[in-house]
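The structure appears below as structure tokens.
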Ligand SMILES: [Zn+2]
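Numbering (this note's numbering), first residue to last: 5 to 187.
Okay, structure coming up:
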């Protein structure tokens, strides 16, 4: 399906200034959530779920390189993010961050069609599922910027915590020189 006229007009106006504004808006939205100390995206999802008071389950699934590589499912009971299991960890993290981006930005999208749902979740009644798909180009761009912001925060936190044990080890080494550990 083509891009709605209004979205197309908005996209045409998307320049560096708009992307910058979009990134700032995503940073603001993300500020409401804690970034886990270990920079783990699964833990981040758990923290978002706690903050929102809803369950968010991450479900790895062999989607066999079909499109999409990830789906956000919303039910009365909670949210599910299905992501491709047959791909690298960084790619999986990107897929999760992108779907989480849709969730955090409150995108609606269209419901995934029944046949696709049947394929993914043969045991679940499609009536209780709302699989978000077919977002507008503007929403896709927003989710992608949000994914980038999430991944950057997680990577930064991971870098910080990774250096900490090295610092501690260095202190231990220099302490060991001053106060040798008895054999
Ligand atoms: Zn998307």
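The beta-carbon is built from N, C-alpha and C at its ideal position, and this holds for glycine as well.
Please state the DSSP three-state secondary structure of residue i.
i           : result
residue 62  : strand
residue 74  : strand
residue 48  : helix
residue 7   : Since pLDDT at residue 7 reaches only 42, below the 50 mark, its modelled position is unreliable, and the value read off the structure follows with that caveat. Three-state result, residue 7: coil.
residue 68  : coil
residue 23  : helix
residue 32  : helix
residue 151 : helix
residue 40  : coil
residue 80  : coil
residue 93  : helix
residue 110 : coil
residue 105 : helix
If the criterion is Cβ atoms closer than 8 Å, does the pair residue i and residue j meet it?
i           : j           : result
residue 84  : residue 61  : yes
residue 41  : residue 165 : yes
residue 82  : residue 55  : no
residue 149 : residue 27  : yes
residue 100 : residue 74  : yes
In the DSSP assignment, what residue or residues form a beta bridge with residue i?
i          : result
residue 86 : 63 and 75
Out of curiosity, what's the CA-to-CA distance linking residue i and residue j?
i           : j           : result
residue 24  : residue 90  : 33 Å
residue 209 : residue 104 : Because the chain spans 5 through 187 in this model, residue 209 falls outside it and cannot be assessed.
residue 37  : residue 163 : 19 Å
residue 65  : residue 72  : 12 Å
residue 39  : residue 154 : 9 Å
residue 108 : residue 52  : 9 Å
residue 159 : residue 80  : 32 Å
residue 161 : residue 44  : 9 Å
residue 48  : residue 30  : 16 Å
residue 157 : residue 76  : 22 Å
residue 97  : residue 46  : 9 Å
residue 20  : residue 102 : 20 Å
residue 78  : residue 141 : 21 Å
residue 22  : residue 143 : 14 Å
residue 95  : residue 68  : 14 Å
residue 145 : residue 92  : 23 Å
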